[in-house]
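Shown next, in structure tokens, is the structure this report addresses.
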Amino acid sequence: MLAAIPSLLLAALASGAVISPAKDATVEARWKPGNVPIREVNLGSQFIIEPWMAKDEWRGMGCVDNNNNMLADEWSCVQKLGQAQANKAWKKHWDTWITQADIQRIHDYKLNTIRIPVGFWIREDLVQAGEFYPRGGLSYLDRIVGWASDLGLQIIIDLHGAPGSQSYNQAFTGLQTNNPAFYTQNNFERTYKFLEWMAERIHTKNEYRNVYALQVLNEPVRSGENADQAGNMVWNFYPEAWRRIRAREAQLGTSSQNLLHIIFMGASWGSGDPASNLPGDRTFLGIDDHKYYKWDDSFRSASKQQYLDAACRDDHGTSRDTIVGEWSLGVHTDLQAQPGWAPAGATAETKAWYRKYWAAQAASYERAGGWVFWSWKCNWLWDSGTDDWRWCYDSAVANGVIPNDATVATSISPC
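As numbered in mature numbering (1 follows the signal peptide of the UniProt record, and there is no 0), residues -16 to -1, 1 to 399 make up the sequence shown, in order.
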């Protein structure tokens, strides 16, 4: 069971009020999810840019080939631009994609948490010769977590891109490849070092005082894609990652109530049970489920009512240990651009339906630990030519699709 949140903190989170930050990094008890569900957004494409959700940004940074086709990932763009020019381009991006005004709006919309996807290369001494990643991001991470902590927002640091890439053909890893090379002892060791370093940073730097959770790895291979790699991860990498984080906390003299919540992708992701070989006391173990109707072929020709019915039935249990760490208002690829579904030229009726769709999903996920919408910001998605508010929380609020009060999902849900 997770530690209960003090009643004053519960009230503050529920109301959206500013919570006074700790005076230093050595707080007596680190915040844990309790009676108030996580209501959260991802800061996607801040530290690992995904071209599909930031096309204007990507092109503006020069991440195109000689035929003006977009490059696939951060690796290929850094390689093309060269390190010095890439660092300059990314510095401008880090300075402008997520600003202090964004963090303030997140707070004002009564969201209580942010999830920050990062790549291992934010610790630059882990990057090896022949690898291509931007440099200079760490100070911007420090800045964002400081802004969030000052406003009382809670924070999850999520390792989204591991050494060698942990997923097949995914730009979110920083290296889109059909041969994910993460699953070697060398790359496991680099990742342990990243996790130890990040845990120490969280416990010792004041800006990180509101970071309550560290996510070990985002969306690794599934057993159906590569059973050997998935098994190696669950039986070897996961337990050692747990041991190394807890050992570093022990070295720091961290109290039992100040330990980090350590998050793994849940069994529903398809890689196996992440807890099956974890050692010892599993206090503050967190589970992350992801839910995207866009890629579920059973919704290829579903009606709007069928989408709502499915969202209402969606069951992630009732444990506050489980969050839905990524979801959106996306619908199946075959429907997304059709009249009555597309955001471009959407009628009031269409927007009203998406508002129900948001509320149905959010309310269902709040029966467990809560939710983390993907994502806060985007520009020019797929074929829309606009900021598709089905994937951009800030744009969805501006367009009247998502309420400006994240706490009302249950009260307006159609379920």
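Cβ atoms here follow ideal geometry from the backbone N, Cα and C, with glycine treated the same way.
Note that the structure is a prediction, hence the values are computed from the model and not measured.
Considering only their Cβ atoms, is the gap separating residue j from residue i smaller than 8 angstroms?
i           : j           : result
residue 218 : residue 258 : yes
residue 35  : residue 74  : no
residue 186 : residue 244 : yes
residue 176 : residue 230 : no
residue 144 : residue 194 : no
residue 158 : residue 105 : yes
residue 100 : residue 139 : yes
residue 97  : residue 14  : no
residue 149 : residue 168 : no
residue 249 : residue 280 : no
residue 339 : residue 381 : no
residue 200 : residue 246 : yes
residue 16  : residue 192 : no
residue 405 : residue 155 : One cannot answer for residue 405 here, as it falls past the ends of the chain, which runs -16 to 399.
residue 71  : residue 120 : yes
residue 232 : residue 180 : yes
CB-CB under 8 angstroms to residue i, same chain, minus the five flanking residues each way: which ones, in chain order?
i           : result
residue 362 : 28, 29, 37, 38, 371, 372, 375, 376, 379
residue 262 : 222, 223, 226, 269
residue 266 : 259
residue 205 : 150, 151, 152, 164, 167, 213, 214, 217, 255
residue 110 : 104, 147, 174, 177, 178
Report the three-state DSSP secondary structure of residue i (helix, strand or coil).
i           : result
residue 65  : helix
residue 187 : helix
residue 275 : strand
residue 138 : strand
residue 144 : strand
residue 181 : helix
residue 248 : strand
residue 307 : strand
residue 391 : helix
residue 97  : strand
residue 363 : strand
residue 269 : strand
residue 117 : coil
residue 38  : strand
residue 111 : coil
residue 102 : strand
residue 167 : coil
residue 158 : coil
residue 15  : coil
residue 313 : coil
residue 6   : In this prediction, residue 6 scores a pLDDT of 34, lower than 50, which makes its location untrustworthy; the coordinate-derived value is nonetheless stated afterwards. Residue 6 falls in the coil class under three-state DSSP.
residue 205 : coil
Mind checking if residue i is an interface residue toward chain B, Cβ cutoff 8 angstroms exclusive?
i           : result
residue 299 : Absent here is chain B; the protein component of the structure consists of one chain.
Note down, in chain order, each residue of its chain lying with its Cβ closer than 6 angstroms to the Cβ of residue i, except the 5 sequence neighbours on either side.
i           : result
residue 4   : Any reading at residue 4 needs caution, since the residue's pLDDT is 32, under 50, leaving its predicted position unreliable; the model's value is listed next. Around residue 4: no qualifying Cβ.
residue 275 : 308, 311
residue 26  : 99, 356, 358, 359
residue 301 : 352
Excluding the five sequence neighbours on either side, which residues of its own chain have a C-beta within less than 7 angstroms of the C-beta of residue i, listed in chain order?
i           : result
residue 324 : 334
residue 337 : 288
residue 295 : 341, 344, 345, 348
residue 284 : 316, 318
residue 464 : Lying outside -16 to 399, the shown extent of the chain, residue 464 is not represented and no answer is given.
residue 55  : 47, 48, 49, 61, 64
residue 44  : none
Please name the residue or residues paired with residue i in a DSSP beta bridge.
i           : result
residue 289 : Its beta-bridge partners do not exist; DSSP assigns none.
residue 355 : 23, 308
residue 54  : 48
residue 218 : Its beta-bridge partners do not exist; DSSP assigns none.
residue 198 : 141, 246
Check your understanding: Do the stretch 69 to 84 and the stretch 118 to 134 make contact, defined as three or more Cβ pairs closer than 8 angstroms?
Key -> yes
Review point. Is it a yes or a no for the stretch 298 to 316 touching the stretch 338 to 346, going by three-plus beta-carbon pairs under 8 angstroms?
Key: yes
Review point. Looking at C-beta atoms only, is the number of pairs between the stretch 378 to 396 and the stretch 93 to 105 that lie closer than 8 angstroms three or more?
Key: yes
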